[in-house]
Each structure stands twice: as C-alpha cells, then as structure tokens.
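Sequence lines, in order, name chains A, B, C and D. If you read the first sequence in our numbering, its first letter stands for residue 1, the second for the next number, and so on. If you read the second sequence in our numbering, its first letter stands for residue 280, the second for the next number, and so on. If you read the third sequence in our numbering, its first letter stands for residue 559, the second for the next number, and so on. If you read the fourth sequence in our numbering, its first letter stands for residue 838, the second for the next number, and so on. Every residue, glycine too, gets a C-beta built ideally from N, C-alpha and C. Predicted model only: the values in this text are computed from it and were never measured.
There are 4 protein chains.
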Amino acid sequence: MLLIQVGCELRYQVTVPTSFLFHVTAANTPHQAVQHEEVTVEPSREYNIAYLGAEDNRVFRLETMPCELTLRYQAKVSLNPSVDNPPQIPETDHPALPEDVLPYLNPSRYCESDRLAAFAMAEFGRLDRGYSRVAAICEWTYNHLKYISGSTNASTGACDVLILRSGVCRDYAHLAIAFCRALCIPARYVSGYAVALEPPDFHGFFEAYLGDHWYLFDATRLAPVEGLVRIGMGRDAADVPFAIIIGAATLIKKVVSAEELTEQIPRQGPSDESAVSTA
Amino acid sequence: MLLIQVGCELRYQVTVPTSFLFHVTAANTPHQAVQHEEVTVEPSREYNIAYLGAEDNRVFRLETMPCELTLRYQAKVSLNPSVDNPPQIPETDHPALPEDVLPYLNPSRYCESDRLAAFAMAEFGRLDRGYSRVAAICEWTYNHLKYISGSTNASTGACDVLILRSGVCRDYAHLAIAFCRALCIPARYVSGYAVALEPPDFHGFFEAYLGDHWYLFDATRLAPVEGLVRIGMGRDAADVPFAIIIGAATLIKKVVSAEELTEQIPRQGPSDESAVSTA
Amino acid sequence: MLLIQVGCELRYQVTVPTSFLFHVTAANTPHQAVQHEEVTVEPSREYNIAYLGAEDNRVFRLETMPCELTLRYQAKVSLNPSVDNPPQIPETDHPALPEDVLPYLNPSRYCESDRLAAFAMAEFGRLDRGYSRVAAICEWTYNHLKYISGSTNASTGACDVLILRSGVCRDYAHLAIAFCRALCIPARYVSGYAVALEPPDFHGFFEAYLGDHWYLFDATRLAPVEGLVRIGMGRDAADVPFAIIIGAATLIKKVVSAEELTEQIPRQGPSDESAVSTA
Amino acid sequence: MLLIQVGCELRYQVTVPTSFLFHVTAANTPHQAVQHEEVTVEPSREYNIAYLGAEDNRVFRLETMPCELTLRYQAKVSLNPSVDNPPQIPETDHPALPEDVLPYLNPSRYCESDRLAAFAMAEFGRLDRGYSRVAAICEWTYNHLKYISGSTNASTGACDVLILRSGVCRDYAHLAIAFCRALCIPARYVSGYAVALEPPDFHGFFEAYLGDHWYLFDATRLAPVEGLVRIGMGRDAADVPFAIIIGAATLIKKVVSAEELTEQIPRQGPSDESAVSTA
C-alpha cells in the first residue's frame, strides 16, 4: 500500500457572480481511499458536494459574489493497486464488454475516434490484441508527439494533435484514447494528481478496459503510473476540468502537489512490466 | 393520452462475425410507456437487452456469423406528455441545476459548444432567458439551415453545419444543442420515431432542461413534437445511432414507421404555444 | 493627391543562418507612387529586391548569420486614387472578367470560399449585384466579428473566424474575401500601411474587382480607406506576410508608422459614399 | 521523344445560362509540344482561349444557354523530357531560389504546409536533402494512404487526408506538396493526362523544384511518370480543375484517354532511377 499526500491551492479573481464546479478531490475506489482530507475556501463560502456523470465524479459546487476566492484542498490517499502481468491481459471481445463500459467506445469532443478509424487500423490493426497493443499505442503517441506547453488550447482535439505533433498531457491522452476506441478498446480520460511530475500540476492520463479491468496508462511518460492519484474520469477532458466556471473568474494562483509518504514508487520511467489498475 | 404504433425493419448483409447494438426500442419514462412490443430476428439469433449510459438507454445486443440478418421491431406506445405554458418556463440558474443534468453542459463530439461560445452569445445572449430563448435557437437553426439529405456525413459536427448551412435532422439537433450549452442551458440529443415524418425514418431531435423539466424541441419542423416517440438520449448522436456495428455489415433494407392510433396530433407545423415534456 | 510618410523598424534576434523575405515596401501602381524611400539594414547586409507572384510584389531578400538584425524602411508615397460613385459600379459577369482576374475567384489557404458557398448565397445572394453588395459583406463582417488581438493565429482561416466570431484585420479580410469569391466576385488580400490606425501596425484589407477596377475595402473600419498605402497583394495573407523567415529569428521590436503629410483624409469612419481604387 | 495521343469528351446538362472554364488542353513547354489538336463543341459555341495565373495555364472559356453541351478535345503531344540522375539533384537553398519559384512555398487551400511544419520535420527533417527526400515523401505518402475513390471530396485538404489515410490522386499530391513546402522545397500541383492510368481519367500529380528544374512526381504510383502529359499547374487543385462552372451544369459523360503512340514507356511501376522534368 502506498500513501500519497495530494493537494492544491487555486486562487481566482472573481469579477461577477460566479458559479464553480471543482474537480480536485481524490476519488474513492476499491483501490484508492481518501484517508483524510481538508478543504478550505476563503473568504468563507458554503459549498456542496455533488457526484457527476456515469462515473460519479465527486465535485465541489459553490457560488460567490465578486471576490478573491481561494480554494485549498489537501488529502492523504492510500493506493492499493491491483497489479497484473501484461502478457496475460487480453482485449475483451465486444459481445463480452459490460454495459457500463460500452459508452467508452463512442467518439467524444476531443477523441474523434470515428475519423481516426483507418489511421488506427493502419498503425495498430495488425498488432497482437491485448495489453501490449495499448502499450504500443502509448509508445507510438510518446514517440510521435512533443510535449510543448502552450502548443495547444482548450479546443484542440486528437485529430489536431496528430497533425501538429505536439501537445500537453491531455492531448497525449486524447490521442491514445481515440486510437483505442477506433480499435474497439474502451478507453476513458482520467484526471488526477501525479507523484514526481515536473513541474507539479494536475495531470491527465487514461484508462483502457482490458480483460475485466480498467488499466492505467500515461503516454507522456512524465510520471510513474504507480503514483497516479485519481480525481475523476470521463469521456475526455471536457468532463473533468479542474474547474468549470460559469461567470467570470481569472485564475491568479495555482499550486498543485503530490508527495509519496511511503517512498516505494520507482522514480525511473514507466515500465511495461506491470499493469496497474486502481479503478 | 396518445397511442402510437412504431416499428422498423432493418436488414443487413453480414460478411464477417459481427456484433450489433440496436437503439430502436421505445423507451419507458414517466410519460411514455411501451404497451406491447414484438421483436423478431431472422435467422434466429439470441439477443440480450442492455441499458447503456447515464441515460439507461435500452438496446438489443446480438452477435452473428455471416448471414443476411433481419431485425423487426414493433411497439405500441402510449404518450402522456406533460404540457406547460412556455412563457412560464424559466431557465435554471447554474447553481440550481441538478447533478444529473450538469454533464449535458459539456461539449461533445458533434456539439462543440466550447468553440461556439461567442457565436451563441452574439446571437442569443441578449434574449430573454427561458423557454422562448430555446425556441428562438430552434427558429434560428430552422431559418439558417437547409434540410438536404446527403449534405453531411457521420463526421459532421455543429461547427461544420454552421459553415455549410445544410444538414439533416441530427445536424439541426447538434447545432441547437451546441448553442444551448454555450448559453449554459443543458441540452441533450434524443433519437426516436416521429409521427407524420416524411419520408418515414428514424428521427433526431433534442431536449433542453428548463425549469425542472426536459422539454422537447425539433428544429427541423418536420414533424409535430407531440408525436415524437423517444428511443434514447445522449450527449449527441454518437451515443444513440440506431445501430452500432462491430464487424462488417451492409444495410440493405430500412423501413421505419410511426402511426398515431388516436388521431389527436395536429398535422400542422410546430407551435410555440405548448411546451412538451416526456422525459 | 495625398502624401503619406510610411515606415517601419523591425528587429530580430537571429540565432542560426537565416533567410528573410520582407514585404514592407510601398508598391508602385498607376495610383500610388513612391516618391522617395530609404532602407537601412544593421548590421550591414546586402539585400536584393525581388518581384514575387502574379502581383509582382516587391520584396527585400537578404540572408544573415546569427546577429541582432534591424531593418528600417521609410518612404514618402503619393496617392492619387481613382474615386468612383458606388451606385454606378456593377459586378462583372464571369464571361467578361479579364484573364488576370480569374484566379482571384479560387479558394485559398485562408479563404475557403468553396466551403462557404451556401453561406454566402444565403446571406448575400439576393442582394443587388454591385459595389453595394461588397459593402454589405463588409458591414456584415464588421457587425458579426469582434476585433480581439490574439484571438486567432497564423493557421486561422475564414471558416474558423466565422465560428469564433472574432479576429484581427487579416481575419476580417479573409472572411470578406471568401464571401466575395463564393459569390463570383474576384477578391484579393492587400497588405499595407494605414493612416490613423490605432495602435499603429501593418494592416490587412482587401480589394474586390467590380466594373473594371479593383476597389479597396476594409471590413475592420479601423482606418479610412483613403489612407491605405499598398505594400502587396495576394490570394490571402499567406502571400504577403511582412516577413517570411527561413531559419530561426525572434521579432524583438516592431514599430510601424503612417502619417499623412497633406491632411486631407477625413478622420471619421469609412463612408460608402465613395469607392476608392488605387491598384 | 515520345508521342502521346490524349483526349477527352465531357458532356453536361446545362440548366441555366452558364459560363465554363475548361482546363483540358495539353500545355506547351520546352519539353512538351502539342503537335496537333482538335476541339469541338456541340452544339456549336464560340470559345475563347485564355491564359490563367502565374503559370499561364491555357483554358477554354465559353458560355452557353441551357442545353446539352459536349466538349471534345484531342491532341497529339510530343514529350521530350529532360532526364537526370537523382543522386545528383540537390535541394536549392532558399536564398538561391528564383523569384518565380518562391510563391510555391506558401500554404494554399488544400496544402496547409503551415500546419504540417512539425509533422514534416519529424518525418523527413533528418533525411538527406535532395531529390531522394522528395522521393521519400512520395514513398511515405504512398505507404500511408489508401487510394479509395469517393473517400474524399472537393473540400478535403492535406490535413484531412493525413487523418483519414485515404484519398484519390489529388489528395496524394496535396499531401506530398504540403510536406515539401513545409521543408522549404517549392512544390506545385500539376493536372494532366496519364498513359496507362486505370481506369482512364484526368490525373493529378506534382512537381518539386530541385536544383534548377521542376521534377515530376506521382505519389500514387498509378502511372509511369514518363507518360504524364501536362495540362496545367497551380498552387493546388483549386487552380486547375478540369472544369470551372459558373451557373448550373451536371456532368453526364466523361471519357478521358491517353495512348502512347511510340511504345517506349515502361509499363512497370515508377522507378527512382531517373528524374523526369518536362516543365
């Protein structure tokens, strides 16, 4: 079991009455448990906890009049991942996919898997089916994109990324997800905290459904998969931005942290030797 | 109460082992009830009923070896819509939106509401908030698009439609949905049967969440809203195509019908005098 | 006759051997004459004058090793525009269009007139043919876009602009050009200097071919058409950027100026009362 | 010297007064000469010959009232290509590129070389500069696309083709041209007739400027480069469609032929052993 301390501080200059949805809280799953968490909002505002979407993502909802608003979140999270042996993880035939998994085959705003069908088949269609094929998609994505902050924006989808050959974490995830879905492998976006991510920030990665588990993948190779702490899941980043803002607010401070307390996570790059599942 | 007989016959030439998901069954809601239904598959194949997505859309799942496959569906459906007075239907402020409604504000594959924010604000931002604003979006969509079969395809999204100024029912719905979401009005795609649609076919329309109901809208004006029989709902058409096919199958026959048995639905065009809710 | 003093200073940090093409020199046409001009390059570099494209745009070509390179250009330009009465300016039927004008009906990188055919016909197809129709296109463009610096980038085309409803001078010109071409009115992009432009900068506007002249239009309304000093023309901005850089150079200073010496240009906004031609 | 008999018959149902521009005539260049040609228009219509664009493409212009219009064109063309040895053909440094070649570095409607800069650099940036690099681009294009009639349409550009991984001759040319320009290799689209093309049709291919010649390339490998008979050149296919139609006309017959009279052209696929120039 790993213990990870995650947290963030978000400060906004709010200029009109504004409603916020924050996707910042660590999720509770059979493999991830929030041991302790603290939330503070300054100036004091009531907030509600809501559970959104098919994924029941936990969010803070709050509204405020114009002010300088600060949200601080800290949580101690235990991770007890299921770790499997990649060569033994098959793809699941479509007829055997569970009902709740099927929607993650559909194209979404940033993962235009419908348009990428021929591309995915040409690049990955002849590979052996299974965990290794998703690993190959991640490797291809890693090798074909450059991680360049600011090279993409909030309207950039997987097709754009493929043309531009650059992006940030969410773009890597979107492209890999789109390829998976085009190959009939269910895949979904995961937002989270990441141990050893440099510079520290919220992170975006993805899960593919293989065998009967959702396995974690991170095509950016920027942080060990073992240290990913889940916030929420969705079709793509449209479902789990760290903040949805209805009104007008300018982000003036963002500090994100994720520290392992147990010092067990390897610091070297990702390995294909173990398949990690925390859903 | 209305009684509507709906049905379809779909025939495919299946050339490899293929898995199907059919979104063709009438939904059961507090306002829509399937009184009787019959399904036949020829040659005989077992099928399962599954419930997909946050919307619990009922689908038939079946798999088959190569064959000429025919699915016939017939249902007698009673509709007991809630009918409200448009001037009394407000928009709902974001903080008051129910949890399960919030995801329908997110952009989706065919409804790029994020890109259309400025467009929607410029065209509709100053209109009175409420049912009438969604009606205005429908009118705008109707007036600015031409219904041209074949003018768009399966990868066409709302932004494309806006440029091309033409489309079919799903495109009208996508554009109107995208405008609604850009204005912070939750909106979702609905697939269904439609009484008096010419030529008869499956239909695509949408719902917007106003007050505390999902109200039906059809920007195409091709069929009376009172005669719409819901199959399923989703972010957009990606979630509820009449058939999802994993394998290889060519559609060689499609017959769709929707006949009112009670003869109460007005045959004239749509009116803004009543707001219909069947969700 | 007007006398206008135009000039620019461009400074680059050049980090590898780099080749430049500068579109900054005032053009000579039957209605625009360079009375006097001075060019300095620091550190001293030889430069050639080249004439590019069907439009014979005059450019400076130079190459340099890594350095801090400064180009200064100053010119005194006389303008003797042909001014016509808009109601008397017809559109030209396609068979009567001169050979050299026909290519300006083709779609180009940033003016996708092929995709905008239905849009243009729906908005402008029923208007009276003639100068007034192009003026209406400019008015529509002005009314539907917001001028927002930084809202678009070097890959933004007319279709994007139409969706985003914002842009800068080149975007306004691209959209108006695309509409003109879609209506079979030849149109081309013009880069230049502009008297009374705030803040001073290079400017982008366009010409439409009507009757037997190229008439100037500026859908941004940011500067009087009478004070536009032509640098070059092209299919769109791709043909006449102020600098084409092959290598690596960062712009670290840009100062642009255009001052009328004769004080005859009205400072109020554009009027539709006179049609100006300087080609 | 090769002798090639080319020809076409185009028949249109013309329903309103319509103006045509036909790009069907074989060009005259230092290496390609029209020995004899015949044009017939039925019913009889006067036509003019015009020379369009920087490339002086020869076109037939004619106008007609509603009718069934048939254009027949036959020409005997001699080809006397300059053939060079690929390993000896260098790329030309930007400062040494002739003025009239420079515009073919600019992005165009269907060749968005600006967006593809990173892609081209990643795939081809480290290859040796010269003829072999353009040959490598053609090979890459050939290997990555599938030739599928009807998979693209008149608004499909190089970026779309790259995503879709399929297209027709013009799409292959557009993608290869875009890559060349992104690497600072001037490239232009060429329309023409092609010996041994199956099924017979107009063909689209391209030229890249290397050393001091325009060399022919055909990424489709559908016909021997030696048997390509040039009609016209342009930025991309937007400049040289076989027919530009202003009005309304439906193509009801199209027959295209290209027969070598001299029987010297090898029928096997393209070879990289000789570089052919006919411009």
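Using alpha carbons as the reference points, say which of the options lies closest to residue i.
{"i": "residue 1065 of chain D", "options": "D/1083, D/921, D/1046, D/1029", "result": "D/1029"}
{"i": "residue 366 of chain B", "options": "B/327, B/394, B/410, B/325", "result": "B/410"}
{"i": "residue 1006 of chain D", "options": "D/1102, D/1110, D/945, D/991", "result": "D/991"}
{"i": "residue 144 of chain A", "options": "D/1025, D/918, D/958", "result": "D/958"}
{"i": "residue 1111 of chain D", "options": "D/1089, D/1073, D/1053, D/1097", "result": "D/1053"}
{"i": "residue 629 of chain C", "options": "C/748, C/580, C/817, C/563", "result": "C/580"}
{"i": "residue 344 of chain B", "options": "B/373, B/312, B/292", "result": "B/292"}
{"i": "residue 768 of chain C", "options": "C/801, C/759, C/819, C/687", "result": "C/687"}
{"i": "residue 509 of chain B", "options": "B/356, B/417, B/352", "result": "B/356"}
{"i": "residue 1024 of chain D", "options": "D/888, D/987, D/940", "result": "D/940"}
{"i": "residue 6 of chain A", "options": "A/25, A/17, A/16, A/15", "result": "A/25"}
{"i": "residue 706 of chain C", "options": "C/804, C/606, C/778", "result": "C/778"}
{"i": "residue 743 of chain C", "options": "C/806, C/665, C/761", "result": "C/665"}
{"i": "residue 342 of chain B", "options": "B/328, B/421, B/354, B/513", "result": "B/328"}
{"i": "residue 812 of chain C", "options": "C/801, C/822, C/747", "result": "C/801"}
{"i": "residue 33 of chain A", "options": "A/40, A/80, A/194", "result": "A/80"}
{"i": "residue 722 of chain C", "options": "C/699, C/740, C/737, C/738", "result": "C/699"}
{"i": "residue 36 of chain A", "options": "A/124, A/4, A/159", "result": "A/4"}
{"i": "residue 90 of chain A", "options": "A/135, A/30, A/179, A/247", "result": "A/135"}
Does DSSP put residue i in a helix, in a strand, or in coil?
{"i": "residue 536 of chain B", "result": "strand"}
{"i": "residue 1016 of chain D", "result": "helix"}
{"i": "residue 717 of chain C", "result": "helix"}
{"i": "residue 939 of chain D", "result": "helix"}
{"i": "residue 171 of chain A", "result": "helix"}
{"i": "residue 653 of chain C", "result": "helix"}
How would you write the range of the alpha helix (DSSP H) that residue i sits in, first residue to last?
{"i": "residue 978 of chain D", "result": "968-981"}
{"i": "residue 521 of chain B", "result": "Here residue 521 of chain B belongs to no alpha helix (DSSP H), and DSSP marks it neither H nor E."}
{"i": "residue 123 of chain A", "result": "117-124"}
Spell out the partners DSSP gives residue i in its beta bridges.
{"i": "residue 808 of chain C", "result": "C/571"}
{"i": "residue 945 of chain D", "result": "D/948"}
{"i": "residue 1003 of chain D", "result": "D/983"}
What are the boundary residues of the beta strand (DSSP E) that residue i is part of?
{"i": "residue 191 of chain A", "result": "187-194"}
{"i": "residue 1113 of chain D", "result": "1112-1114"}
Is it the case that the CB of residue i approaches a heavy atom of the ligand PLP more closely than 7 Å?
{"i": "residue 623 of chain C", "result": "No copy of the ligand PLP appears in this structure; indeed no ligand is present at all."}
*asked:* Give the list of continuous beta strand (DSSP E) stretches no shorter than 3 residues that lie fully inside the segment 197-237 of chain A.
replied: 203-210, 213-217, 228-234
*Can you list, in chain order, the stretches of the beta strand (DSSP E) that have 3 or more residues and sit fully within the segment 561-649 of chain C?*
The segment 561-649 of chain C contains these whole beta strand (DSSP E) runs: 576-580, 590-600, 606-610, 615-622, 625-637, 640-642.
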